[in-house]
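Participant:
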Amino acid sequence: MTYLPAETRYDNMQYRRTGRSGLKLPPVSLGLWYNFGGVDVFENGRAILHRAFDLGITHFDLANNYGPPYGSAEENFGRIFAKDFKPYRDQLIISSKAGYDMWPGPYGEWGSRKYLVASCDQSLKRMGLDYVDIFYHHRPDPDTPLEETMGALDFIVRSGRALYVGISTYSPEQTRQAAQILRQLGTPCLIHQPRYNMFDRWIEDGLLDVLTEEGIGCIGFSPLAQGILTNKYLQDVPDDSRAARYENQLHWGDKVTQDRLAKVRRLNELAQARGQTMAQFAIAWTLRLPAMTSSLIGASKIRHVEEAVAALDNLAFSDEETAVIEGILAE
Ligand SMILES: NC(=O)c1ccc[n+]([C@@H]2O[C@H](COP(=O)([O-])OP(=O)(O)OC[C@H]3O[C@@H](n4cnc5c(N)ncnc54)[C@H](OP(=O)(O)O)[C@@H]3O)[C@@H](O)[C@H]2O)c1
9 MTYLPAETRY DNMQYRRTGR SGLKLPPVSL GLWYNFGGVD VFENGRAILH
59 RAFDLGITHF DLANNYGPPY GSAEENFGRI FAKDFKPYRD QLIISSKAGY
109 DMWPGPYGEW GSRKYLVASC DQSLKRMGLD YVDIFYHHRP DPDTPLEETM
159 GALDFIVRSG RALYVGISTY SPEQTRQAAQ ILRQLGTPCL IHQPRYNMFD
209 RWIEDGLLDV LTEEGIGCIG FSPLAQGILT NKYLQDVPDD SRAARYENQL
259 HWGDKVTQDR LAKVRRLNEL AQARGQTMAQ FAIAWTLRLP AMTSSLIGAS
309 KIRHVEEAVA ALDNLAFSDE ETAVIEGILA E
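Here it is in structure tokens:
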């Protein structure tokens, strides 16, 4: 099968500028954390990526350890890239990251230059790419000097392995320091990737101000709290859901609980009144912030991507809606 992208793919997507950089990203980007690994159905992931690109999603987000097993999402992406996306390389923004445990021993995680450069090389090899568009430090390292980690990111750009660099889950203060070091090195920090959804709003407490002041973009991950902020769990826990597959042991403390579902039911009524599904409502809500460049979703089905892109038809929230949402979330 030869994949030919839809000619209409750029007709409806309104791309957003990433901070004060020259790079634009789609307001919805697709991450390959789950559903694209060695344990997943290859053709399903491939079909999701095709549909995403056909709808104008130009940004795919990966990391060294996405799978499971570690590395397998990049390997699968590499196969799909070689089959389908190679002619469109210049129309794609592909990112990877290093920071979490990837291989055994003292050089396989955190933030040393040794780890970051080796991991970037491994990611490029797995994906069959000459360079990634964005390379991230995945999490702050309490022990490695920030100068070393940022120096490694600068080197990764200067050596042609990446075009831009970003940081993920850094605190406001760490972000300010990282941005300053990177600016001095001549490789400005393009983007920050924090977690952001209705149940996790930490970035509103200082980080967004730093990003705006520093001209850094923001791509918020898990806008659906891994599926909890959808109508998926309102009746029961479907067998093919992430919560069922991973026995409700989700990362980041996400859990399907009655307390959360009670809130989602009420939020879902608001969504319906806006003519949106709960997922669309949750995605649109993350994009109401001017500092938000992109909402970074995951998808196990083609229709998840379609639903997310259709969320972009209604991004405005009235003061009344905002007040009701705040009331529900504060309870
Ligand atoms: N920087 C970091 O530290 C970090 C950490 C985590 C994630 N990320 C990035 O963020 C990306 C997204 O994370 P995420 O997967 O947690 O995002 P998410 O959008 O919050 O959750 C995605 C999951 O929600 C469910 N879903 C999506 N659309 C749906 C719909 N319309 N109706 C019902 N269910 C729907 C699916 O779950 P089912 O599988 O149950 O169908 C899907 O796999 C990752 O792939 C990764 O690139 C980064």
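The sequence shown maps to residues 9 to 339 in our numbering.
We put the CB at the ideal spot given by N, CA and C, even for glycine.
Can you tell which of Gln182, Asp151, Leu304 and Thr195 has its C-alpha closest to the C-alpha of Ser167?
Facilitator: Selected option, being the one with the closest Cα: Thr195.
Participant: Whole-angstrom Cβ separation of Arg134 and Gly159, contact assumed at under 8 Å?
Facilitator: Their Cβ separation, rounded to whole angstroms, is 24 Å, which puts Arg134 and Gly159 out of contact at 8 Å.
Participant: Is Thr177 near ligand 1, judged by its Cβ being under 7 Å from some heavy atom?
Facilitator: The answer is yes for Thr177.
Participant: By Cβ distance, which residues of its chain are closer than 6 Å to Ser303, with the 5 residues on each side in sequence left out?
Facilitator: Hits under 6 Å: Val36, Gly228, Pro231, Ile291, Thr294 and Leu295.
Participant: Does the beta-carbon of Lys240, which I'm using as the reference point, lie nearer than 7 Å to any heavy atom of ligand 3?
Facilitator: Among the ligands in the structure shown, ligand 3 does not appear; only ligand 1 can be found there.
Participant: Taking the CB atoms as reference points, tell me whether Tyr147 and Ser176 lie closer together than 8 Å.
Facilitator: Residue identity check: residue 147 is Arg in the sequence provided, not Tyr. For Arg147 and Ser176, yes; Cβs fall inside 8 Å.
Participant: Between the region 259-272 and the region 316-331, do at least 3 Cβ pairs fall closer than 8 Å?
Facilitator: Taking 8 Å as the limit for Cβ pairs, the verdict is that the region 316-331 does not touch the region 259-272.
Participant: For the region 94-104 against the region 49-58, do three or more pairs of beta-carbon atoms, one drawn from each stretch, fall closer than 8 Å, so that the two count as touching?
Facilitator: Judged by Cβ distances under 8 Å, the region 94-104 makes no contact with the region 49-58, as fewer than three pairs qualify.
Participant: Return yes when at least one heavy atom of ligand 1 lies under 7 Å from the C-beta of Tyr42, else no.
Facilitator: It does: the Cβ of Tyr42 is within 7 Å (strictly closer) of some heavy atom of ligand 1.
Participant: What's the gap between the Cα of Val140 and the Cα of Ala170?
Facilitator: Approximately 5 Å, taken between the alpha carbons.
Participant: I need the boundaries of the alpha helix (DSSP H) containing Gly335, first residue and last residue.
Facilitator: Asp327 to Ala338 is the extent of the alpha helix (DSSP H) around Gly335.
Participant: Whose C-beta lies closer than 6 Å to the C-beta of Tyr123 among residues of the same chain, with five residues either side of it excluded?
Facilitator: Within the same chain, Tyr123 has close Cβ partners Tyr115.
Participant: What residues in its chain sit with their C-beta under 7 Å from that of Ala81, if we drop five residues either side in the sequence?
Facilitator: For Ala81, where only same-chain residues beyond five positions count, the Cβ hits under 7 Å are Leu40, Phe44, Gly45, Leu70, Tyr74 and Gly75.
Participant: Using 8 Å as the threshold, is the region 277-287 in touch with the region 311-322, meaning 3 or more CB pairs across them?
Facilitator: Contact holds: three or more Cβ-Cβ distances are below 8 Å.
Participant: Tell me the rounded alpha-carbon separation between Asn20 and Pro112.
Facilitator: In a straight line, the C-alpha of Asn20 is about 45 Å away from that of Pro112.
Participant: Mind checking which residues open and close the alpha helix (DSSP H) that includes Ser120?
Facilitator: No alpha helix (DSSP H) holds Ser120; DSSP gives it neither H nor E.
Participant: Is the distance from the Cβ of Gln266 to the Cβ of Arg250 below 8 Å?
Facilitator: No, these two residues do not count as a Cβ contact at 8 Å.
Participant: When you compare each of Ser29, Met206 and Asp248 to Asn276 by their alpha carbons, which one comes out closest?
Facilitator: Comparing Cα-Cα distances from Asn276 to each of Ser29, Met206 and Asp248, the minimum goes to Met206.
Participant: Can you grab the Cα-Cα spacing for the pair Lys271 / Thr301, in whole Å?
Facilitator: Taking the straight line from one Cα to the other gives about 27 Å.
Participant: Given this structure, state the Cα-to-Cα distance separating Gly86 from Ile336, to the nearest angstrom.
Facilitator: Gly86 and Ile336: Cα-Cα distance of roughly 43 Å.
Participant: Can the beta-carbon of Val65 be found closer than 8 Å to that of Val245?
Facilitator: Here the sequence assigns Ile to residue 65, which means Val is not the residue at that position. Result no, Cβ atoms of Ile65 and Val245 do not sit closer than 8 Å.
Participant: If you reduce the DSSP assignment to three classes, tell me which class Ser303 lands in.
Facilitator: Here Ser303 sits in strand by DSSP.
Participant: Mapping DSSP to helix, strand and coil, what is Leu171?
Facilitator: Correct three-state label for Leu171: strand.
Participant: Can you check whether the CB of Phe68 is closer than 8 Å to the CB of Leu38?
Facilitator: Cβ distance < 8 Å, so Leu38 and Phe68 count as in contact.
Participant: Can you tell me whether Asp213 is helix, strand or coil according to DSSP?
Facilitator: Coil, per DSSP.
Participant: Hey, Pro180 and Gly136: beta-carbon distance below 8 Å or not?
Facilitator: No, they are not a contact pair.
Participant: Could you pull out every residue in the same chain whose Cβ sits closer than 8 Å to the Cβ of Glu315, ignoring the five residues on either side in sequence?
Facilitator: Counting only Cβ-Cβ distances below 8 Å, and skipping sequence neighbours, we find Thr285, Ala287 and Gln288.
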